[in-house]
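Chemist: Pasting in a structure now, in structure tokens, and then I'll have a few things to ask.
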Amino acid sequence: MAGCVFCGIVAGEVPAFRVVDEADGVAFLDTRPVFKGHLLVVPRTHLVTLADLPPEALGGYFGLVRRLAVAVEAGLGAGGTFVAMNNRVSQSVPHLHTHVVPRTRGDGLRGFFWPRTRYADDAEATGYADRLRAAADGGPGPTG
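The sequence shown runs 1 to 144 under full-length UniProt numbering.
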């Protein structure tokens, strides 16, 4: 897609420190890493959100993400990884991408990057679970 920096990287028109370039996706170093070795994994085709990824591409794409999470630990001696994806909100580039961030104990990263909250009680939590279960089963959305 014209103007998409990640499509430019996939096409080889925008320079990047590539780690993997194969049919299921392209992985390259993030230019503003949380920690050195922070990778971005993108599908070759321009898709904006996870919902846009065709079902037949899930196994290949997430297989690549999984392989790279293992490679980050093995290749960098990381204690683990943080694997994350934003969909629209906080998505700095509107092209589906997965972050694979190396982690070590005491690295200063505290869980998620946003404040946490609590449910008022079990009834409220049950209500949220019920709404999500209905939506996952193809039921009514937030206005239904």
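We put the CB at the ideal spot given by N, CA and C, even for glycine. Keep in mind that this is a model prediction, so the values were computed, not measured.
Can you give the Cα-Cα distance for Ala74 and Pro33, rounded to whole angstroms?
Modeler: Position 74 of the sequence shown holds residue 74. Position 33 of the sequence shown holds residue 33. Roughly 18 Å separates the two Cα atoms.
Chemist: Just the Cα atoms here: how many angstroms apart are His95 and Cys7?
Modeler: Numbered from 1 along the sequence shown, position 95 holds the residue referred to as residue 95. Numbered from 1 along the sequence shown, position 7 holds the residue referred to as residue 7. Cα to Cα, His95 sits roughly 8 Å from Cys7.
Chemist: Alpha carbon to alpha carbon, how far is Phe35 from Arg103? Give it in angstroms, no decimals.
Modeler: For the purposes of this step, residue 103 is taken as the residue at position 103 of the sequence shown. For the purposes of this step, residue 35 is taken as the residue at position 35 of the sequence shown. Cα to Cα, the separation comes out at about 8 Å.
Chemist: I need the straight-line Cα distance from Pro54 to Asp122, nearest angstrom please.
Modeler: The residue labelled residue 54 in the question sits at position 54 within the sequence shown. The residue labelled residue 122 in the question sits at position 122 within the sequence shown. Using only the alpha carbons, I get a separation of about 36 Å.
Chemist: For the segment 68-102, which segments carrying the beta strand (DSSP E) assignment without a break, of at least 3 residues, lie completely within its bounds, in sequence order?
Modeler: With a minimum length of 3 residues, the continuous beta strand (DSSP E) runs that stay inside the segment 68-102 are 80-84.
Chemist: Per DSSP, what are the beta-bridge partners of Gly12 in this structure?
Modeler: Looking up residue 12 in the sequence shown gives position 12. Answer is none; Gly12 lacks a bridge partner.
Chemist: Out of Gly37, Phe28, Ala129, Val65, which has the shortest C-alpha to C-alpha gap to Ala78?
Modeler: For the purposes of this step, residue 78 is taken as residue 78 along the sequence shown, with counting starting at 1. Minimum Cα distance to Ala78 is reached at Gly37.
Chemist: Just the Cα atoms here: how many angstroms apart are Thr143 and Arg131?
Modeler: As a position in the sequence shown, residue 143 is number 143, starting the count at 1. As a position in the sequence shown, residue 131 is number 131, starting the count at 1. Note that Thr143 scores a pLDDT of 46, beneath 50, so its modelled location is shaky; the value from the coordinates is reported in the next line. The straight-line gap from Cα to Cα measures roughly 11 Å.
Chemist: With DSSP collapsed to three states, give me the class of Leu109.
Modeler: Here the question's residue 109 lines up with position 109 in the sequence shown. Here Leu109 sits in coil by DSSP.
Chemist: From Thr117 to Glu124, what does the alpha carbon distance come to, in whole angstroms?
Modeler: Locating residue 117 in the sequence shown gives position 117, counting from the first residue. Locating residue 124 in the sequence shown gives position 124, counting from the first residue. Each residue's alpha carbon lies about 13 Å from the other.
Chemist: Any idea if Val72 is buried or exposed, counting beta-carbon neighbours within 10 angstroms, 16 or more meaning buried?
Modeler: Within the sequence shown, numbered from 1, the residue matching residue 72 stands at position 72. Burial call: buried.
Chemist: Does Tyr119 pass the burial test, meaning 16 or more other C-beta atoms within 10 Å, or should it be called exposed?
Modeler: Walking along the sequence shown from the start, residue 119 turns up at place 119. Burial call: exposed.
Chemist: Which same chain residues, not among the five before or five after residue 146, have their C-beta less than 7 Å away from its C-beta?
Modeler: There is no way to answer for residue 146, as the model of the chain reaches only from 1 to 144.
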